[in-house]
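With mature numbering (1 follows the signal peptide of the UniProt record, and there is no 0) applied, the sequence shown covers -26 to -1, 1 to 566.
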Amino acid sequence: MATDLRSRTRRLAGCLVALLAAVACASCSTVPAGGNIFEARGASEGDPLSQPFVRILAADPKPNGSPQDIVGGFLAAAAGFDDPVRTVARKYLTGEAQRGWSPFDATTIYDQRSLTSEPLREGMQQVRVTLRTTLLGSMDGDGHYVPSDTEGASERSLDFMLVKVAGQWRISSAPSGLLLSDDDFKRAYRPFDLNFAAEGAEGLVVDQVRIPINPSESIAKSLVHRLIDGPTRPLRGAVRSAFGSNVDVNSVVVDGDLVVVDFTYGIVDSVRESADREALSAQLAWTLKPMTESRRIEVRVNGETFPGGTFVIDPRDYERFAPDVLSGEAQAYYLQQGKLHLIDKDRDNPVLVDPGEAQNRRFTDLAVSYERSTKIAALAQGGGVWVSGTTPGSQWQRWIPGAKPTAPSWDRYGFVWSVTKDDGTSKVFRSGGPSGPPTQFSAPQLAATDVTAFRVARDGARVAVISDDGNGQRVMVGTIDRAKLAVQNLRVLVPAEDAQEISAIAWRDASTLLVLTKTKSERELTPWSVTQGIRADTAKAASSIESITAAPDPLPVLAARANGGIVAWDPQKKQWTTLVESGAGPPVYPLG
């Protein structure tokens, strides 16, 4: 990870170029655009990694401009990316305000806005202009976007104070940070998935960021710069980066059928260990994948061949690092009368193994691991999370005790997770076997809540939780810090609503969570983007469905009905089709 000084410098630069497409919102006629608009390209017209972007130039304050003109012009000028030191924008401020205002504190994104001013009277030397806007979200310095706290937008009023300076209105006090309309934000930034190494395993974890378009370099170089800086705040502690602290990128260009990424010499130190070389290669291959069209990537050092021999990355060699873990050939399972069935309608859903019922216990809430030696976990009547192998003769063993634990969830490392409630406190446990007590993970944000579901993502770094703090059920997402034995950074993804029951959650892919909700009138299945914090698509009607399981495309979403029937979502027909008529336990894909 880059040094603190270089990270701060780069984030400052990122904030500067954040202004490159931002101008006053076109949706409000009272706010001037403030400059000319024209199309431009990145550093090299012939480089397919350079994409066109819109450049908008800032304009000086209008002579004898009204207070609204000055505030609108200031917002437009502050977005002028050809003015990285804000020379033009600062002309709209008083000398004292120039020292106090910083566009780098945060970026606030809004939907609509209008400017209103106090009535002007003769001789007035001070006036307030109010920006009334609908806030959609904010972005911090590392490019992590956070939507508004409540679902939908929140209305806000932001005040600017203006005074007369040599007969001209100037801003004496302005909100800190950068204000961007949603359209300007989308023009100025592009969303990309960074990829970081999962702790202790061959795999990657997705971290979505917004990359500012920098007219002085290709978007690919900006993307590699951001990858070197490390993960966003929510994922820190849950992932690692193979890039060392003294690495920088010189250029990213196309050379024939290669994408050449030229680094400073620090890259040599980053890949001395073969595991780090593998992880770094996987990070680069997957992060650049949307832009390189599966070209091979050559790593060079200060324009020269990598010391010791050519260093070429073939993305096909790193498919096993897929953040989704499962392939498109993964299969789903269900329990029926203690027997494990494979969902395969063509073969009449065959029995794979019959582990038997330990001590006359009945088992529900199946979970399946994803290992060479597959294991199944389930809740047992009478309490506890029990685990069995899938080979003949396997027996059930209790891995996690507790009267009413949540349904088990496997992670990619072969551990099973559950939440129990003892003495009114919810506790998170992880177990790797029956030989010793399970490991408790700190989760202070869950301790005082009623947890009904706890699902570890397939990447092993994120978790999703259904909890109720007394104000209704909500879905929270967070991360696992395995070194600190902590579940942390929990935030609300789906807020509580009146008369809403959240029945089930399931990981679709590395960044999408499916949420099954019930109200008095309907049931819906809604995909949510965990990395963006917003709905990822429209909801599906889910009449009579009680539980869900999912896996990455093209695998179908599966669900269970109250009578033990199993159905699959058919995206072409846009309806549920029956796979098992009745009597089955809820279906599950491995992990998730």
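Each residue gets a CB set at the ideal place from its N, CA and C atoms; glycine is no exception.
Proximity below 9 angstroms, CB of residue 568 to CB of L178: No information on residue 568 is available, as it lies outside the stretch -26 to 566 that the chain covers here.
Assuming E173 contacts R456 (C-beta within less than 8 angstroms), just tell me the rounded distance between them. The sequence position of residue 173 within the sequence shown is 199, counting from 1. The sequence position of residue 456 within the sequence shown is 482, counting from 1. 5 angstroms between Cβ atoms; contact.
Using only the alpha-carbon positions, how far apart do A14 and F166 sit? Along the sequence shown, one-based indexing puts residue 14 at 40. Along the sequence shown, one-based indexing puts residue 166 at 192. Low per-residue confidence applies at A14: pLDDT is 44, beneath 50, and the placement is therefore not dependable enough to give any value.
My output table needs one value for E70: the three-state DSSP class, helix, strand or coil. One-based indexing of the sequence shown puts residue 70 at position 96. Helix at E70.
Would you give the residue range spanned by the alpha helix (DSSP H) that residue 575 belongs to? This structure cannot settle anything about residue 575, because the visible part of the chain is limited to -26 through 566.
Give me, in chain order, the residues of the same chain whose beta-carbon lies closer than 6 angstroms to that of V286; leave out the 5 immediate sequence neighbours on both sides. Residue 286 sits at position 312 when you count from the first residue of the sequence shown. Only R270 and E272 meet the Cβ criterion.
Count the CB pairs spanning the region 135 to 153 and the region 181 to 201 that are closer than 8 angstroms, and state whether there are at least three. With a cut-off of 8 angstroms, the region 181 to 201 and the region 135 to 153 do not count as touching, because too few Cβ pairs lie within range.
Is it right to say Y239 is buried, meaning 16 or more other beta carbons lie within 10 angstroms of its own, or is it exposed? Indexing the sequence shown from 1 puts residue 239 at position 265. Exposed, since its Cβ has fewer than 16 Cβ neighbours within 10 Å.
Just confirm the distance between the C-beta atoms of A354 and A212, as a whole number of angstroms; I'd bet it's less than 8 angstroms. Within the sequence shown, numbered from 1, the residue matching residue 354 stands at position 380. Within the sequence shown, numbered from 1, the residue matching residue 212 stands at position 238. Rounded to the nearest angstrom, the Cβ distance from A354 to A212 is 31 angstroms, too far for a contact under 8 angstroms.
How far does the alpha helix (DSSP H) with V62 in it reach, from first residue to last? Indexing the sequence shown from 1 puts residue 62 at position 88. Unbroken alpha helix (DSSP H) run through V62: T61 to R64.
Hey, how far is the Cα of L49 from the Cα of P37? Along the sequence shown, read from residue 1 onward, the residue named residue 49 stands at position 75. Along the sequence shown, read from residue 1 onward, the residue named residue 37 stands at position 63. When the Cα atoms are used, L49 and P37 turn out to be separated by approximately 17 angstroms.
From P418 to G539, what distance separates their C-alpha atoms? Residue mapping note: residue 418 aligns to position 444 of the sequence shown, counting from 1. Residue mapping note: residue 539 aligns to position 565 of the sequence shown, counting from 1. If I take the Cα positions, the gap works out to 38 angstroms.
Within the region 166 to 203, ranges of the alpha helix (DSSP H) (whole runs, at least 4 residues): 193 to 203, all fully within the region 166 to 203.
Q72 versus V62 - alpha carbon distance: Numbered from 1 along the sequence shown, position 98 holds the residue referred to as residue 72. Numbered from 1 along the sequence shown, position 88 holds the residue referred to as residue 62. Spanning the two alpha carbons is a distance of roughly 11 angstroms.
Using only the alpha-carbon positions, how far apart do A470 and N445 sit? Residue 470 sits at position 496 when you count from the first residue of the sequence shown. Residue 445 sits at position 471 when you count from the first residue of the sequence shown. About 7 angstroms.
Of the choices V223, G312, D339 and D397, whose alpha-carbon is the least far from that of Q369? Translated into positions along the sequence shown, residue 369 becomes position 395. Minimum Cα distance to Q369 is reached at G312.
Just grab the DSSP bridge partners of G452 for me. Locating residue 452 in the sequence shown gives position 478, where the first residue counts as 1. Looking at the DSSP assignment, G452 forms a beta bridge with V437.
To the nearest whole angstrom, what separates the beta carbons of K65 and Q99, a pair I think is in contact under 8 angstroms? Within the sequence shown, residue 65 is the residue found at index 91, counting from 1. Within the sequence shown, residue 99 is the residue found at index 125, counting from 1. Between the beta-carbon of K65 and that of Q99 there is about 19 angstroms, and that puts the pair past the 8 angstroms contact cut.
Supposed contact pair W373 and G407 - C-beta distance, whole angstroms, cut 8 angstroms: The residue given as residue 407 occupies position 433 in the sequence shown. The residue given as residue 373 occupies position 399 in the sequence shown. Your pair G407 and W373 checks out as a contact, with CB atoms roughly 7 angstroms apart and the cut at 8 angstroms.
According to DSSP, is T4 part of a helix, a strand, or is it coil? On the sequence shown, position 30 is the one that residue 4 refers to. Confidence in T4 is poor, its pLDDT being 31 and thus under 50, which makes the residue's placement unreliable; the coordinate value appears in the next sentence. Note: T4 maps to coil in three-state DSSP.
For N537 and G559, what's the separation of their Cα atoms in angstroms? On the sequence shown, position 563 is the one that residue 537 refers to. On the sequence shown, position 585 is the one that residue 559 refers to. Spanning the two alpha carbons is a distance of roughly 9 angstroms.
Any idea what DSSP makes of Q506, helix, strand or coil? The count along the sequence shown starts at 1 and reaches residue 506 at position 532. In this structure, Q506 counts as coil in the three-state DSSP scheme.
Counted within 10 angstroms of its Cβ, other Cβ atoms place P208 as buried (16 or more) or exposed: Reading the sequence shown from its first residue, position 234 is the one you call residue 208. By the neighbour-count rule (16 or more Cβ atoms within 10 Å), P208 is buried.
What beta strand (DSSP E) runs, 3 residues minimum, are completely inside the region 498 to 556? Fully enclosed beta strand (DSSP E) runs of 3 or longer: 519 to 523, 532 to 535, 540 to 544 and 549 to 554.
DSSP state of T206 mapped onto helix, strand, coil: Along the sequence shown, one-based indexing puts residue 206 at 232. Three-state DSSP puts T206 in coil, outside helix and strand.
Mind checking whether R184 and G117 have CB atoms under 9 angstroms apart? Locating residue 184 in the sequence shown gives position 210, where the first residue counts as 1. Locating residue 117 in the sequence shown gives position 143, where the first residue counts as 1. In this structure, G117 lies closer than 9 angstroms to R184 by Cβ.
Between which two residues does the beta strand (DSSP E) harbouring I337 extend? Against the sequence shown, residue 337 aligns to sequence position 363. The sequence given here has Phe at residue 337, not Ile. Taken as a continuous stretch (DSSP letters only), the beta strand (DSSP E) holding F337 covers F337 to V342.
Tell me where the beta strand (DSSP E) around D396 begins and ends. Here residue 396 refers to the residue found at position 422 of the sequence shown. V390 to D396 is the extent of the beta strand (DSSP E) around D396.
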